[in-house]
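Q: If you count the sequence shown from 1, you need to add 7 to reach this note's numbering.
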Amino acid sequence: MRRLEPLQTRPIDEFLQDTYLRDIVERNLEIAVQCCIDIAARIISIEGALKPRDAYEGFVRLGELGVLPADFARKLAPMSGFRNILAHEYLAIDWDLVYEHLQNLEDIYRFADYIRQWLRTRVECSNPL
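(1) By alpha-carbon positions, which one of I51, I19, W125, A39 ends up nearest to L93?
(2) Alpha carbon to alpha carbon, what distance is there between L75 and Q124?
(3) Assuming A47 contacts G65 under a Cβ cut-off of 8 Å, what Cβ separation, rounded to an integer in Å, is found between them?
(4) Three or more C-beta pairs under 8 Å: does that hold for the region 94-109 against the region 47-60?
(5) Can you tell me whether R68 is buried or exposed, with buried defined as 16 or more other CB within 10 angstroms of its CB?
(6) Should I53 be labelled buried (16 or more other beta-carbon atoms within 10 Å of its own) or exposed?
(7) Given this structure, state the Cα-to-Cα distance separating V130 from I19, to the nearest angstrom.
(8) Report yes if the CB atom of L109 is closer than 8 Å to the CB atom of Q15, and no otherwise.
(9) Please work out which residues of its chain come closer than 8 Å, Cβ to Cβ, to W102, disregarding the five sequence neighbours upstream and downstream, and give them in chain order.
(10) With distances taken Cα to Cα, identify the nearest neighbour of Y121 among P59, S87, C43, P85.
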């Protein structure tokens, strides 16, 4: 994610014209979202919760488990479909949407913050004073 921060300042016209820049952003966003999906799956497994049908439902499940606020989990869930488009190019990639995601890395940072909070509570519960 930190690799993407310097690229946020690039104007959209430069982003749309520079195929190398687009490739860098696309790949790093794909990896970042995949990491979130993998973390969600692992937490669901650790919690012994009902296995989600897909990654979208995995984010929603984190909201049900209280790992993420439910409204934030629902906001984040469509990110899984975005990742599928980047990874598999099911559809033509909407570069304006990729640029929009580049400008909004905050949701991924927020996800990481919630996961850190969850991990702290797990450590505190397993190591009572």
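The beta carbon of each residue, even a glycine, is placed where N, CA and C say it ideally should be.
A: Working from what's here:
(1) Indexing the sequence shown from 1 puts residue 93 at position 86. Answer by Cα proximity: A39.
(2) Residue 124 sits at position 117 when you count from the first residue of the sequence shown. Residue 75 sits at position 68 when you count from the first residue of the sequence shown. Whole-angstrom Cα-Cα distance: 10 Å.
(3) To locate residue 47, count along the sequence shown from 1; it is residue 40. To locate residue 65, count along the sequence shown from 1; it is residue 58. Going by Cβ atoms, the distance from A47 to G65 rounds to 4 Å, so yes, they are a contact pair.
(4) no
(5) As a position in the sequence shown, residue 68 is number 61, starting the count at 1. Buried is the call here.
(6) For the purposes of this step, residue 53 is identified with residue 46 of the sequence shown, where counting begins at 1. Its Cβ having fewer than 16 others within 10 Å, I53 is exposed.
(7) Along the sequence shown, one-based indexing puts residue 130 at 123. Along the sequence shown, one-based indexing puts residue 19 at 12. Each residue's alpha carbon lies about 43 Å from the other.
(8) Mapped onto the sequence shown, residue 109 falls at position 102. Mapped onto the sequence shown, residue 15 falls at position 8. Yes. Within cutoff.
(9) Residue numbering aside, residue 102 sits at position 95 when the sequence shown is read from its first letter. Counting only Cβ-Cβ distances below 8 Å, and skipping sequence neighbours, we find F22, L23, R29.
(10) Stepping through the sequence shown from its first residue, residue 121 is reached at position 114. Out of P59, S87, C43, P85, C43 has the C-alpha closest to the C-alpha of Y121.
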